[in-house]
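Trainee: This structure is in structure tokens; I'll ask about it shortly.
In the numbering used here, the protein residues as written are 54 to 328.
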């Protein structure tokens with residue numbers, strides 16, 4: 054599955070005095086959410102983490118083919134108080150906590166597009182390779198309370214291949230403040246016509262080459278989904294993670310000849326070593 058950069062990228066205690074202490078206590082994450090990697094362990098300065106995982110996932114968005122893929126994991130991070138700057142694979146960004154219950158994030162990333170070869174069964178033959186491009190992500194999360202037990206999320210992803218809007222509500226499980234435990238989020242994804250046609254549209258030329266019906270997509274609801282994240286420290290250096298995703302496409306997307314399934318899914322596990 055070709056993931057959205059912003060999803061790869063996917064997102065406390067009352068009082069100013071306590072907030073300052075949280076930012077400095079060893080083991081305390083910027084916000085205690087398993088969906089947001091924080092390798093700084095509450096300390097200002099540099100943090101380095103490297104690892105990898107294996108995913109069982111849809112071959113491309115709308116595919117009825119599934120397979121395994123090995124992906125790198127980890128990041129280089131620099132923390133200063135309530136702010137973290139990071140480089141993770143093909144993403145460069147910043148996130149910052151404000152007033153205990155707000156998290157803001159800005160990321161410059163990369164969309165690798167889709168290739169005909171992504172389908173082993175030849176489902177994409179004649180459609181050509183979609184263009185790669187850069188993406189800019191803006192995100193805001195608002196916790197219902199300073200313990201980040203429940204939160205709301207809004208994200209805009211825009212770039213060379215169109216734009217997405219992602220809105221979600223999530224719940225964190227566990228009492229840890231170090232970013233471990235588990236988290237479940239319900240999300241709704243919207244796309245503009247450029248992004249919809251990039252992923253699910255078929256031009257006249259593609260129709261002639263592939264034999265699939267010409268399809269012109271409009272903007273609107275793309276999918277509803279559930280996202281699950283789990284993090285656990287084995288010791289001071291080793292972190293294991295589990296990530297799961299299920300997204301159900303809207304009727305407009307499901308009607309596209311490219312969408313062989315009306316959903317996409319992913320399950321991944323991996324380990325990360327923190328230096």
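From the three backbone atoms N, C-alpha and C, an ideal C-beta is built for every residue, glycine too.
Predicted model only: the values in this text are computed from it and were never measured.
Around the C-beta of residue 125, are 16 or more other C-beta atoms found within 10 angstroms, so that it is buried, or is it exposed?
Mentor: Translated into positions along the chain shown, residue 125 becomes position 72. By the 10 Å Cβ count, residue 125 comes out exposed.
Trainee: On a CA-only basis, which of 275, 274, 259 and 276 is nearest residue 268? Give me that one, please.
Mentor: For the purposes of this step, residue 268 is identified with residue 215 of the chain shown, where counting begins at 1. When each option's Cα is compared against that of residue 268, the closest is 259.
Trainee: Reducing DSSP to helix, strand and coil, say where residue 246 ends up.
Mentor: By 1-based counting over the chain shown, the position of residue 246 is 193. If DSSP states are grouped into helix, strand and coil, residue 246 belongs with the helices.
Trainee: Determine the contact status of residue 162 and residue 185, defining contact as a CB-CB distance below 9 Å.
Mentor: Translated into positions along the chain shown, residue 162 becomes position 109. Translated into positions along the chain shown, residue 185 becomes position 132. At a Cβ-Cβ threshold of 9 Å, residue 162 and residue 185 do not count as neighbours.
Trainee: What does the alpha-carbon distance come out to for the pair residue 137 and residue 320?
Mentor: Your numbering for residue 137 matches position 84 in the chain shown. Your numbering for residue 320 matches position 267 in the chain shown. Going from the Cα of residue 137 to the Cα of residue 320 covers about 28 Å.
Trainee: Where does residue 209 sit, in a helix, a strand or coil, going by DSSP?
Mentor: As a working note, residue 209 is residue 156 in the chain shown. Residue 209: strand per DSSP, three-state reduction.
Trainee: Looking at C-beta atoms only, is the number of pairs between the segment 270–280 and the segment 241–259 that lie closer than 8 Å three or more?
Mentor: Short answer: they touch.
Trainee: Give a yes or no on whether the C-beta atoms belonging to residue 253 and residue 309 are separated by under 9 Å.
Mentor: Working through the chain shown from its first residue, we reach residue 253 at position 200. Working through the chain shown from its first residue, we reach residue 309 at position 256. For residue 253 and residue 309, yes; Cβs fall inside 9 Å.
Trainee: With H, G and I counted as helix, E and B as strand and the rest as coil, what does DSSP make of residue 253?
Mentor: Within the chain shown, the letter at position 200 stands for residue 253. Three-state DSSP puts residue 253 in a helix.
Trainee: To the nearest whole angstrom, what separates the beta carbons of residue 236 and residue 86, a pair I think is in contact under 8 Å?
Mentor: Locating residue 236 in the chain shown gives position 183, where the first residue counts as 1. Locating residue 86 in the chain shown gives position 33, where the first residue counts as 1. Contact holds; Cβ gap of about 6 Å.
Trainee: Compare the Cα-Cα distances from residue 153 to each of 230, 270 and 290 and report the closest residue.
Mentor: As a working note, residue 153 is residue 100 in the chain shown. Taking only the C-alpha atoms, the option nearest residue 153 is 230.
Trainee: Would you mind sorting residue 291 into buried or exposed? The rule is 16 or more other CB atoms within 10 Å of its CB.
Mentor: Along the chain shown, one-based indexing puts residue 291 at 238. Residue 291 should be labelled exposed.
Trainee: Would the segment 204–221 count as touching the segment 178–194 if we require 3 or more Cβ pairs under 8 Å?
Mentor: yes
Trainee: First and last residue of the beta strand (DSSP E) that includes residue 164?
Mentor: Indexing the chain shown from 1 puts residue 164 at position 111. Taken as a continuous stretch (DSSP letters only), the beta strand (DSSP E) holding residue 164 covers 155–164.
Trainee: Under three-state DSSP, which class holds residue 124?
Mentor: As a working mapping, residue 124 is identified with position 71 in the chain shown. Strand at residue 124.
Trainee: Three-state secondary structure (DSSP) at residue 169?
Mentor: Here residue 169 refers to the residue found at position 116 when the chain shown is read from its first residue. If DSSP states are grouped into helix, strand and coil, residue 169 belongs with the helices.
Trainee: Roughly how many angstroms lie between the CA atoms of residue 120 and residue 176, to the nearest whole one?
Mentor: As a position in the chain shown, residue 120 is number 67, starting the count at 1. As a position in the chain shown, residue 176 is number 123, starting the count at 1. Distance between the alpha carbons of residue 120 and residue 176 is about 15 Å.
Trainee: Smallest Cα separation from residue 178: which of 313, 128 and 263?
Mentor: On the chain shown, residue 178 is found 125 positions in, with the first residue counted as 1. The residue with the shortest Cα to Cα distance from residue 178 is 263.
Trainee: By Cβ distance, which residues of its chain are closer than 6 Å to residue 92, with the 5 residues on each side in sequence left out?
Mentor: Sequence index remark: in the chain shown, residue 92 carries index 39 (1-based). Closer than 6 Å at Cβ, skipping near neighbours: 100, 102, 130 and 327.
Trainee: If residue 244 and residue 215 are in contact, beta carbons under 8 Å, what's the gap, nearest whole angstrom?
Mentor: Indexing the chain shown from 1 puts residue 244 at position 191. Indexing the chain shown from 1 puts residue 215 at position 162. Going by Cβ atoms, the distance from residue 244 to residue 215 rounds to 7 Å, so yes, they are a contact pair.
Trainee: Do residue 234 and residue 368 come within 9 Å of each other at the CB atom, strictly closer than that value?
Mentor: This structure cannot speak to residue 368, because the chain is shown only from 54 to 328.
Trainee: Suppose you measure from the CA of residue 293 to the CA of residue 218; what does that come to, to the nearest Å?
Mentor: Position 240 of the chain shown, counted from the start, is the residue given in the question as residue 293. Position 165 of the chain shown, counted from the start, is the residue given in the question as residue 218. The alpha-carbon atoms of residue 293 and residue 218 are separated by roughly 30 Å.
Trainee: Report yes if the C-beta distance between residue 90 and residue 232 is below 9 Å; otherwise report no.
Mentor: Numbered from 1 along the chain shown, position 37 holds the residue referred to as residue 90. Numbered from 1 along the chain shown, position 179 holds the residue referred to as residue 232. Going by C-beta atoms, residue 90 is nearer than 9 Å to residue 232.
Trainee: Under the DSSP definition of a beta bridge, which residues are partnered with residue 271?
Mentor: To locate residue 271, count along the chain shown from 1; it is residue 218. The partner list for residue 271 (beta bridge, DSSP) is empty, contrary to what the question assumes.
Trainee: Mind checking which residues open and close the alpha helix (DSSP H) that includes residue 304?
Mentor: As a working note, residue 304 is residue 251 in the chain shown. First-last of the alpha helix (DSSP H) with residue 304: 304–307.
Trainee: Let me know if residue 204 comes out buried or exposed under the rule of 16 or more other beta-carbons within 10 Å of its beta-carbon.
Mentor: Position 151 of the chain shown, counted from the first residue, corresponds to residue 204. Looking at its Cβ environment, which holds 16 or more other Cβ atoms inside 10 Å, residue 204 is buried.
Trainee: Sorted by chain position, which residues of the same chain lie with C-beta nearer than 8 Å to residue 98's C-beta, five sequence neighbours on each side aside?
Mentor: For the purposes of this step, residue 98 is identified with residue 45 of the chain shown, where counting begins at 1. 131 and 132, listed in sequence order.
Trainee: Using beta-carbon positions only, say whether residue 127 and residue 104 come within less than 9 Å of one another.
Mentor: Position 74 of the chain shown, counted from the first residue, corresponds to residue 127. Position 51 of the chain shown, counted from the first residue, corresponds to residue 104. Cβ atoms of residue 127 and residue 104: closer than 9 Å.
Trainee: Consult DSSP for residue 144 and reduce its assignment to one of helix, strand or coil.
Mentor: Position 91 of the chain shown, counted from the first residue, corresponds to residue 144. If DSSP states are grouped into helix, strand and coil, residue 144 belongs with the strands.
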